[in-house]
Ligand code: FES
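In our numbering, the protein residues as written are 33 to 333.
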């Protein structure tokens, strides 16, 4: 936004304000929360292991031959699991290592890195997150009625912020990811009970562990965040000029109902955004610590 004089004062410049409240507290919390998630998420994706709980615990032995999964969990940072180097994960689309041989050993390459950009860009371009990180990361503006560091505002119709308009396309991909995560959560009720010589599960039985509950809650929170997306509101009904004056009342009634449902979620989009962000990180942390043997998964049924 263009920088102006703070109302009722001649003071101008970055941080100039007549506000007496702790206006900086919200942006500071946002900065710390998003930074913590980015650092942890990048680190977890970099590891290339710990995305399942396997027979032999410990990061180094994760890909050991015959070290198959003993719980049906999969970390959301690795979902969908494009490949699994030791080829035993039933979640893996490709069973085997696909790391290019020409890649230097120090270069990070993992199944997590192959997929995280998609949900990441969905959040990066989200209308709520834009407000949050515009304020907390580059103080533009730092808060309402607080002076900004820049005098110009180009809006989101110029590069690089023009990119934010791609949100609707990331939304389609996010819906696909939500379906895949829901499928993983359903699979978390289906425990392997016997294994063949190659480490693949040969039989399963119904069961529930604490990880199952965590994965289901994670999907519910992600759904709450996704269903309140402004792009979804637009598609299901917001794009219509009128809900009552067209010539297809039945279709419009459905459209109106869907728009109302999406709007309900949208009213608390910020809360859904933070709860789902926390739950994605915590679901990975829970599975990772169980995979390392630091925590023991609690088998409920
Ligand atoms: Fe936030 Fe679409 S507006 S996810």
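For each residue, glycine too, the CB sits at the ideal point set by N, CA and C.
Here residue 84 is not near residue 64, since their CB atoms are 8 Å or more apart. Contact annotation: residue 104 and residue 213 have beta-carbon atoms that are not nearer than 8 Å. With a threshold of 7 Å, the Cβ atom of residue 159 counts as near the ligand FES, since some heavy atom of the ligand is closer than that. Beta-bridge annotation (DSSP): residue 224 is paired with 236. Taken through DSSP and simplified to helix, strand or coil, residue 110 comes out as helix. With contacts defined by Cβ atoms closer than 8 Å, residue 304 and residue 260 form a contacting pair. Taking 7 Å as the cut-off, one finds no heavy atom of the ligand FES near enough to the beta carbon of residue 295. Judged by DSSP in its simplified three-state form, residue 116 adopts strand. DSSP places residue 163 in the uninterrupted alpha helix (DSSP H) bounded by 159 to 170.
At a cut-off of 7 Å, the beta-carbon of residue 203 counts as near the ligand FES: some heavy atom of the ligand is closer than that. In the three-state reduction of the DSSP assignment, residue 86 falls in the strand class, which pools E and B.
Taking the Cα positions, residue 202 is about 12 Å away from residue 148. Pairwise C-beta distances place the stretch 305 to 313 in contact with the stretch 248 to 264, as three or more of them are shorter than 8 Å.
In this structure residue 243 is in contact with residue 329, their Cβ atoms being roughly 5 Å apart against a cut-off of 8 Å. At least one heavy atom of the ligand FES is found less than 7 Å from the C-beta of residue 301. For residue 249, the enclosing alpha helix (DSSP H) has its first and last residue at 242 to 259. Distances from the CB of residue 156 to the heavy atoms of the ligand FES are all 7 Å or more. By the neighbour-count definition (other C-beta atoms within 10 Å, threshold 16), residue 318 is a buried residue. Of the other Cβ atoms in all chains shown, fewer than 16 fall within 10 Å of the Cβ of residue 132; this residue is therefore exposed. Selection 94, 70, 291 evaluated against residue 165 yields 70 as nearest (Cα-Cα).
With a cutoff of 8 Å on beta-carbon distance, residue 57 and residue 181 are scored as not near each other. Not one heavy atom of the ligand FES falls within 7 Å of the beta-carbon of residue 197.
In the DSSP assignment, residue 331 forms a beta bridge with 241. By a beta-carbon distance limit of 8 Å, residue 115 does not contact residue 98. Their separation comes to about 18 Å. By the criterion of at least three beta-carbon pairs nearer than 8 Å, the stretch 185 to 194 is not in contact with the stretch 68 to 82. The C-alpha of residue 223 lies about 56 Å from the C-alpha of residue 177.
Residue pairing from DSSP leaves residue 205 without any beta-bridge partner.
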